[in-house]
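Engineer: Counting from 147, one number per residue, gives the positions in the sequence shown under this note's numbering.
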Amino acid sequence: MDDRVHSEVRRTATEIDTMEIRGAATIADAAARALRTQATESDAADAEAFRAELRATARTLHETRPTAVSLPNALRYVLRDMSSTTVEGLRQNVVDSADEFCARLERAQADLGQVGANRLRDGDTIMTHCHSTDALACVEAAVEQGKHIEAVVKETRPRNQGHITAKRLHELGVPVTLIVDSAARRYLNDVDHVLVGADAVAADGSVINKIGTSGLAVNARERGSPIMVAAQTLKLHPGTMTGHTVDIEMRDTAEVVDDDTLADLGTPTVKNPAFDVTPPRYVDAIVTERGQFPPESIVILMRELFGEGTSEPWAEPSPRAEP
Numbered sequence: 147m148d149d150r151v152h153s154e155v156r157r158t159a160t161e162i163d164t165m166e167i168r169g170a171a172t173i174a175d176a177a178a179r180a181l182r183t184q185a186t187e188s189d190a191a192d193a194e195a196f197r198a199e200l201r202a203t204a205r206t207l208h209e210t211r212p213t214a215v216s217l218p219n220a221l222r223y224v225l226r227d228m229s230s231t232t233v234e235g236l237r238q239n240v241v242d243s244a245d246e247f248c249a250r251l252e253r254a255q256a257d258l259g260q261v262g263a264n265r266l267r268d269g270d271t272i273m274t275h276c277h278s279t280d281a282l283a284c285v286e287a288a289v290e291q292g293k294h295i296e297a298v299v300k301e302t303r304p305r306n307q308g309h310i311t312a313k314r315l316h317e318l319g320v321p322v323t324l325i326v327d328s329a330a331r332r333y334l335n336d337v338d339h340v341l342v343g344a345d346a347v348a349a350d351g352s353v354i355n356k357i358g359t360s361g362l363a364v365n366a367r368e369r370g371s372p373i374m375v376a377a378q379t380l381k382l383h384p385g386t387m388t389g390h391t392v393d394i395e396m397r398d399t400a401e402v403v404d405d406d407t408l409a410d411l412g413t414p415t416v417k418n419p420a421f422d423v424t425p426p427r428y429v430d431a432i433v434t435e436r437g438q439f440p441p442e443s444i445v446i447l448m449r450e451l452f453g454e455g456t457s458e459p460w461a462e463p464s465p466r467a468e469p
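Structure, rendered in structure tokens:
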């Protein structure tokens, strides 16, 4: 690691890299606090040295999880307003932005839940896919408002994250019907909303989420069931504004079939993609802590929060051309 980076920041980077710090919101919070530590502890002699030190810090943090969405968003947010021309002024810029980011993050899920709950009516039945704490926040807020909500929960194979959702909904007092993934179309006529989370949201409003989300959305649209995506703004992917695509992780085939069964089947090729992409035309609303948005307008919120997608505060500035 760069020797300009403070020891506490190095420790945070290591903990993110080894997944001792995990989860989108937790990673984002840790990154913002690490930048704050670097700024407050810096003994840079001038503004340019301070900026270089903060770039090195951001780069160190970014390299721990380069494909994550929330981590670069935290870096962009905290470093976007380094406008002062003095070390003390820049230090205050970073501290203020980090404090604001962490404060917003702390209440983001509760605020999102209130927005999502307003879309749910007393007596509604929802269908879920995978497990999303953002989606659950909407249901929890609706229940707290006194609304009776029921749920059809897809198992979401191969890891059965739907079982976690079923248990959490039961704890909220929500009646649950658990179904296998392939039964979703059969039960869509019985639901009022499809409610899912997101691992990332692209600039065009496409939603990257657990594999199977796109098929569910297509079926739901054909059946006339509204699709609501619950996603904190830290899931927005500013890089997609400049043409970057979101990598689809391929997971271990052992999640799908064990080695003995695989051999018995003649060792076929096994594919286990973690995510798929749902086009914006199949999404009715993206619910965030900043309000609900039609998918096509989510790019406006991205620019407001994180600036243009070309901004990478961990990158060295381009050298000036010779006259």
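All C-beta atoms, glycine included, are put in the ideal place defined by N, C-alpha and C. None of the values given here were measured: they were computed from a predicted structure.
Could you give the distance in angstroms between the alpha-carbon of Asp422 and the alpha-carbon of Leu181?
Structural biologist: Computed Cα separation, rounded: 33 angstroms.
Engineer: Return the first residue and the last residue of the beta strand (DSSP E) that Asn355 is part of.
Structural biologist: That run of the beta strand (DSSP E) goes 353-356.
Engineer: Counting only runs that start and end within the segment 319-405, where is the beta strand (DSSP E) found for 3 or more residues in a row?
Structural biologist: With a minimum length of 3 residues, the continuous beta strand (DSSP E) runs that stay inside the segment 319-405 are 322-325, 339-342, 353-356, 373-376.
Engineer: Bridge partners of Pro419, per DSSP?
Structural biologist: Its beta-bridge partners are Met396.
Engineer: Among Ile162, Val402, Lys381, which residue has its Cα nearest to the Cα of Thr279?
Structural biologist: Answer by Cα proximity: Lys381.
Engineer: Would you list the residues sitting across from Lys300 in a DSSP beta bridge?
Structural biologist: Paired residue(s): Ile325.
Engineer: Ile432 bridges to which residues according to DSSP?
Structural biologist: Answer is Val375, Phe439, bridged to Ile432.
Engineer: Taking only the alpha-carbon atoms, compute the straight-line gap between Ala431 and Asp175 and give it to the nearest angstrom.
Structural biologist: Their backbone Cα atoms lie some 26 angstroms apart in a straight line.
Engineer: What is the rounded straight-line gap between the Cα of Thr424 and the Cα of Glu187?
Structural biologist: Using only the alpha carbons, I get a separation of about 44 angstroms.
Engineer: Our contact map puts Leu334 next to Ala366 with C-beta atoms below 8 angstroms; I'd like the distance itself, whole angstroms only.
Structural biologist: Correct: roughly 6 angstroms between the Cβ atoms.
Engineer: Thinking Ala330 and Lys300 are a contact (beta carbons under 8 angstroms), I'd like their distance in whole angstroms, please.
Structural biologist: Contact holds; Cβ gap of about 6 angstroms.
Engineer: Do Arg226 and Gly385 count as a contact pair if the criterion is CB distance below 8 angstroms?
Structural biologist: Contact flag unset, no.
Engineer: In the structure shown, what three-state DSSP assignment does Thr413 receive?
Structural biologist: Three-state DSSP puts Thr413 in coil, outside helix and strand.
Engineer: List the DSSP bridge partners of Ile272.
Structural biologist: Answer by DSSP bridge pairing, in chain order: Ala297, His339.
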